[in-house]
Amino acid sequence: MCETMFGNTGKIAAAIADGMADGADVTLTNVVDAPAELPATVDLLVVGGPTHAFSMSRVGTRRTAAERGGAFTDVPGGIREWLEALPPPKTRMSFAGFDTRVDMPLLPGAASRAATKLARKHGFDVLDPASFLVEGYEGPLVEGQLELARDWGHGLTEQLAG
Ligand SMILES: Cc1cc2nc3c(=O)[nH]c(=O)nc-3n(C[C@H](O)[C@H](O)[C@H](O)COP(=O)(O)O)c2cc1C
């Protein structure tokens, strides 16, 4: 499940889904179309979004992104709002968060870490999050990130199997 304003996180999500598809049945959804409740058959929930202001996006940061040419996906909200509203899973379910962020090592914070914290609070078994890099706010992705995303996706299914 992903949120994307300029398309970069969407491309990473597709590469992750591709990497997972070898070992799992994968459904890729945009947050705009995501169901309010998860089917009990889900073993692993993978959620990603852009890092905005050191964390997951908020209505104000999405508005800023829209002013810079991004899609305005404010109804029904971003991954923060979706995760906050998600009922705790009734069965054992794993969670893996990912994000995109600019390639600046000194800039702290990542949407995936905030999402993982929220998922842990909800009772998910959380796996290590991952960040993928963009060159600037609008992108493009730094070279090699799609391959890293595919590998990370593949690794997730291996962790589940193990
Ligand atoms: C309002 C706003 C705030 C941002 N804040 C951060 C930040 O704190 N750290 C960071 O690494 N990137 C930041 N970025 C860059 C985003 O991470 C980047 O736009 C995103 O990875 C692109 O993904 P998308 O194409 O899926 O929207 C920010 C971008 C916007 C629009």
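Each residue of the sequence shown is one higher than the one before, counting from 997 in the working numbering.
Note that beta-carbon positions come from the ideal geometry of N, C-alpha and C, so glycine has one too.
Quiz item: alpha helix (DSSP H) containing LEU1144: first to last residue?
Solution: 1141-1157
request  = Put VAL1027 into one of helix, strand or coil per three-state DSSP.
outcome  = helix
* Asked: So is the beta-carbon of GLU1134 under 8 Å away from any non-hydrogen atom of ligand 1?
  -> Yes, the Cβ of GLU1134 comes within 8 Å of a heavy atom of ligand 1.
- Message: Would the stretch 998-1006 count as touching the stretch 1042-1053 if we require 3 or more Cβ pairs under 8 Å?
- Response: yes
Under 8 Å: does the beta carbon of PHE1050 sit that close to some heavy atom of ligand 1? yes
Item to check | CB contact flag (ASP1099, GLU1131, <9 Å) | outcome: yes
- Query: Between GLY1152 and LYS1007, is the Cβ-Cβ spacing less than 9 Å?
  - Reply: The residue asked about is misnamed: residue 1152 is Leu in this sequence, not Gly. The answer is no: Cβ separation not under 9 Å.
### Message
Given a cut-off of 9 Å on the beta-carbon distance, is the pair THR1096 and PHE1128 in contact?
### Response
yes
- Looking at ARG1058 and PHE1068, is the spacing between their C-beta atoms short of 9 Å? Yes. Within cutoff.
Exercise. DSSP state of LEU1041, grouped into three classes?
Worked result: strand
* Could one say the Cβ of GLU1080 lies closer than 9 Å to chain D's Cβ atoms, at least one of them? -> You won't find chain D in this structure, because it holds only one protein chain.
Residues in the same chain with beta-carbon distance under 6 Å from GLU1061, minus the five sequence neighbours each way, listed in chain order, please.
Checking the sequence shown, residue 1061 turns out to be Ala, not Glu. Cβ neighbours of ALA1061 beyond the five flanking positions: MET1001.
**Prompt:** For the putative contact between LEU1034 and SER1090, defined by C-beta atoms under 8 Å, what is the C-beta separation to the nearest angstrom?
**Reply:** At roughly 12 Å, the Cβ-Cβ gap does not stay under 8 Å, so LEU1034 and SER1090 are not in contact.
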